[in-house]
Amino acid sequence: MHAIYILWLRELKRYTRSRAQIIASLGQPVLYLVALGFGLGPVFRNSGNGSYLQFMAPGVIAMTVLFSSMFSGIALLWDRQFGFLKETLVAPVPRVQVMIGRAGGSATVALLQGLLVAVVCVIAGFRPVNLGLVPVGIAFLALTAVVFAAAGTAIGSTLKDMQGFQMVMNFLVLPLFFLSGALYPLDNLPPFLALLTRIDPLSYGVDGMRAMLIGRTHFGAALDAVVLACVGVVLMLVGAWRFNKIEV
Amino acid sequence: MIKVEHLSKLYGDFKAVDDISFEVAKGEIFAFLGPNGAGKTTTIKMLTTLLKPSSGSISMDGLDPVRQHNEVRKRFGIVFQDPSVDQELSAWENMDLHGVLYHVPRRLRHERMEQLMRTFELWERKDSMVKTFSGGMKRRLEIARGLLHTPRILFLDEPTLGLDPQSRNHLWTHVQHLNATEGLTVFLTTHYMDEADRVASRIAVIDHGRIVAVGSSAQLKEQTGKESLEGAFLALTGTAIREETAGAADRMRQAARMWSRR
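Pasting the structure below:
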C-alpha cells in the first residue's frame, strides 16, 4: 500500500509544481467555452434547446478530464525512455501496485484539472440546477478520470516512441471527444453517428455529469454509471496486463 | 555472489548474449568491458530481473531472478546507463520514494538517507530539484539511492559516462571505499580502460555477446602480451568500429529536445 501511495503522491507533486502547465492546459477549455459557448449560443437557443453554455459546460469539463488523464497515462512513455520507470520496475514491488499508483495519480490530477475548469465554467455563467447533486456529478467525473487514466497507461505501456503518440492523439483522443456528445445533444443523430457515440465511453461520462448538473440525460444516469464502472474495470485490467509486459 | 551459466538472450535470430558463463565472488569488484552492442547492458538487465533470459541459469546470492524476482530485487542496487532519477522531485524526495518502494522503515530510512547524502556530498542540496543538479551530482544521487536499502550487490552500468575527470575520480573513490569497508560486491561496466584497470579486481571482456577473456588486469595483459589494458582490450576485440543504429531512446531524446518538456 505504501508503494501505491508514494507513486500516487509523486504524480500529484509533479502536477502541483508545474504551474505553467496548469495554466496552459486551461487554454483549450476556455477557448471552447468562449468561442463555442457564446458563439453557438444564439443558434442553440433559437432551436429551442435552452442555454448552450449550460449544455456544453459538463462536456468541456469532461474533455479536460479526458485529455489530462490520457496524457498523464501516456507520459509513462517519457519515464520509460528517460529512466525513472526502470527505478520502479526493479523495485521489490508487484508491478500491479506500480501501475495502480501511477494510474491513480493520473486520475487524481485529471480530476483536479477538471474541477479547475468547472470553476472557470461557473465564472463564465454556468449554474448547476441542483447543488445537492454536484457531489454525484463529481463522482461521475472521477469515474471518467479513472477510465481514461487506465486507457492512457495501457497505451503508454504499449507505445515505443513519439510517432505513436501523434497517432493516439489524432485517431483516438480527438474522436473520443468529438463523438461523445460533449458539444451536441445525442438525440436524433444519423444512425452511424448514434452508433459511434454509443460505443464511446466518454459519452456516458458526459451524460452522467449532465444528468447531475443540468438534469438532462440521454442514456439515464444509472446506465451511465454501470457502463463507466465496467469499462473502468476492464481498462484497469488491460492496463495492468500491458504494464506487466513492459521490458526496458 | 553471482553465478551465471550458459546464459543467452536472443532477439529473433540475433544473439545479444550468447552462452556466457562467469562467477563473481562476494566482495569482488567485477568489470564487464566490451564495445558498444557487445551485450553488457543486456546481461545486466537479465541479472537485475528486467529481462528474462532465453536460456541458461542465473543465481544471485543463491536466488533465481526469474522465479524469485522480488527477493532478488531487495538484494541489489543499480545505477542505470541512463539517468533514472525524477528530475521534478528534490533529491530528498527521490531518496525517500526509493526507500518506501524498498520497504525501509521510516526512521531507519531517514537516518540512512542523511548518512548517505552526507557521504556523497549532497546534503546541502537535499531540497533542491534534481533538474538543477549537474551530471556528477545526479550520478552521486543515484548511487546514494541505490545503496539506501543496504544491497549486497551494486550494479553500475557505465556510471561515469559524460562525467568530468574530477567527478569520475570522486565516484570511484566512494565505490572503492564502500567495497573495502562494507564488503559490497560491485558489478560494473565501462568504456574507460583506466577505470577498470584502477578499480576492478577481475575483468571480463565481452564481444558479440560472448566472453572472450576473464581475469585480472595483469592476467589480461599477460595473456595478450600487451603493456596496457587498452592494448589488451583491442587485441581481444579487434579495432573495427561497431555499427549502432539509433534506437527508440535516441529518437525520444531528439523529440524531447524539440518539445523541451521535462
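Protein chains in written order, with numbering that gives the first Met the number 0: chain S, 0 to 247; chain P, 0 to 261.
Don't be surprised by glycine CBs; every beta carbon is placed ideally from N, CA and C.
- Sequence-distant partners of S:V119 (beyond 5 residues in either direction) whose C-beta falls short of 8 angstroms from its own C-beta, in its chain, are L25, P28, V29, L32.
- Against chain P, a Cβ distance below 7 angstroms from S:L88 picks out L49.
- Residues of chain P with a Cβ closer than 9 angstroms to the Cβ of S:H1 are, in chain order, V99, L100, H102.
- For P:G55, the enclosing beta strand (DSSP E) begins and ends at 54-59.
- Under the three-state reduction of DSSP output, S:G49 falls in the coil class, being neither helix nor strand.
- Under DSSP, no beta-bridge partner is assigned to S:F125.
- Spanning the alpha carbons of S:R215 and S:L11 requires a straight line of approximately 33 angstroms.
- Within the DSSP secondary-structure output, P:L187 pairs in a beta bridge with P:A30, P:L155.
- A distance below 8 angstroms separates the beta carbons of S:S71 and S:S105.
- Annotation for P:H5: the continuous beta strand (DSSP E) segment containing it runs 1-10.
- The beta carbon of S:L222 sits closer than 8 angstroms to those of Y203, all from its chain and outside the five residues before and after it, given in chain order.
- Against chain S, the beta carbon of P:V84 has neighbours under 9 angstroms at G82, F83, E86, listed in chain order.
- In this structure, P:L100 keeps its C-beta atom at 8 angstroms or more from the C-beta atom of S:T152.
- The alpha carbon of P:A30 has as its nearest neighbour, out of P:S89, P:D95, P:P164, P:V198, the alpha carbon of P:V198.
- Secondary structure of P:V99 (DSSP, three-state): helix.
- Of the residues assessed, P:V16 falls on the buried side of the cut-off, its CB having 16 or more other CB atoms within 10 angstroms.
- Within the same chain, S156 come within 6 angstroms of S:I245 by CB-CB distance, once the 5 residues on both sides are set aside.
- Straight across, the Cα-Cα distance linking S:L178 with S:L227 is about 16 angstroms.
- The beta carbon of P:F232 lies closer than 7 angstroms to those of L32, M192, V204 in the same chain, with the five residues before and after it left out.
- Note on geometry: alpha-carbon atoms of P:T118 and P:L6 lie some 37 angstroms from one another.
- Close partners of P:F79 in chain S (Cβ separation under 7 angstroms): G82, K85.
- P:E4 is the residue among P:H176, P:I142, P:E4, P:N69 whose C-alpha sits nearest the C-alpha of P:P52.
- Distance from the Cα of S:L130 is smallest, within the candidate group S:I3, S:N243, S:R209, for S:R209.
- Around the Cβ of P:K25, a 10 Å sphere holds fewer than 16 other Cβ atoms; the residue is exposed.
- According to the DSSP secondary-structure assignment, P:M128 is paired through a beta bridge with P:S89.
- In this structure, the straight-line span from the alpha carbon of S:M161 to that of S:F170 is close to 14 angstroms.
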